[in-house]
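With UniProt numbering as the guide, the letters of the sequence shown map in order to residues 1 to 181.
Virtual Cβ for every residue (Gly too), placed ideally from N, Cα, C.
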Amino acid sequence: MEPVEINAGTYYLRQLRADDRIDDRPALLEAFADPETQRYRSSRIADLDTATDYIRTREREWASDERYTWVVADQTTGALLGEVDLKNIDPVDRTAELSCWTHPAHRGKGIITPAIQAVLRFAYGGLGLHHISYQHAASNQVSRRVAEKCGFTLDGTLREAIVIDDKPEDLLVWSRLSTDG
1 MEPVEINAGT YYLRQLRADD RIDDRPALLE AFADPETQRY RSSRIADLDT
51 ATDYIRTRER EWASDERYTW VVADQTTGAL LGEVDLKNID PVDRTAELSC
101 WTHPAHRGKG IITPAIQAVL RFAYGGLGLH HISYQHAASN QVSRRVAEKC
151 GFTLDGTLRE AIVIDDKPED LLVWSRLSTD G
């Protein structure tokens, strides 16, 4: 599928870019250098080449329908504020997993919730998906609040399924259905 831009009200969602008009690589470097981002994300972006590879990988994943990734962008400047993506997409079972992060300079400003809600509308209406899951480390209280604000239901806990700060930690598993209010 070709990348789809989505209007998310105050923000717009677009593909990651590194071209003569918009270059998301510096913002990716800043975000992934942040200790809190590193704590909860397995991806590492240490230099411009790695950032370029990250963007090219996301482009290939769009083209092969294995992952759809959107930059949460400022409506005026186009600046990267965060990222939302659907991965592990199964069109037969109509399922996918959602993940997200917010650039450290923009955390706490309510950016990611409307972006996720816009992606969910696209997932249900545009892609015909029915079940979207969302997982995060139990210690990540911000992700918990995001899940709750976006109407996800806590399905359960995978005990010690992730390592955070060199210690096993529980992984909380949430879901939202196309038929949820």
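Nonlocal neighbours in the same chain, by C-beta distance under 6 Å from residue i, ignoring five residues either side
i, result
"K178", "The sequence as given places Ser at residue 178; Lys does not occur at that position. Cβ within range, chain order: Y124 and H130."
C-alpha distance - residue i paired with residue j, whole-angstrom precision
i, j, result
"Y12", "W174", "25 Å"
"N7", "A118", "7 Å"
"I5", "V71", "With the sequence shown as reference, residue 5 is identified as Glu, and Ile is not the correct amino acid for it. Each residue's Cα considered, the two are about 9 Å apart."
"G128", "G9", "22 Å"
"A138", "C100", "16 Å"
Sequence-distant residues of its chain with Cβ nearer than 7 Å to residue i (five each side left out)
i, result
"I111", "Y11, V72, L81, G82 and T102"
"K167", "none"
CA nearest to the CA of residue i, picked from the options
i, options, result
"T153", "A161, E160 and I132", "I132"
"I162", "A31, I22 and R39", "R39"
"I55", "L29, D74, G108 and A33", "L29"
"R60", "Q15, E148, K149 and R121", "Q15"
"D19", "P35, L48 and S42", "L48"
"T113", "R144, K87 and A27", "R144"
"G156", "L171, R41 and D23", "L171"
"F32", "T76, G126 and T50", "T50"
"G181", "K149, T76, E66 and D165", "K149"
Beta-carbon contacts of residue i that lie in its chain and below 8 Å, excluding the five residues immediately before and after
i, result
"F122", "V4 and I6"
Could I get the ranges of all uninterrupted beta strand (DSSP E) runs contained in the region 88-171, with 3 residues as the minimum, in chain order? 95-102, 131-137 and 153-164
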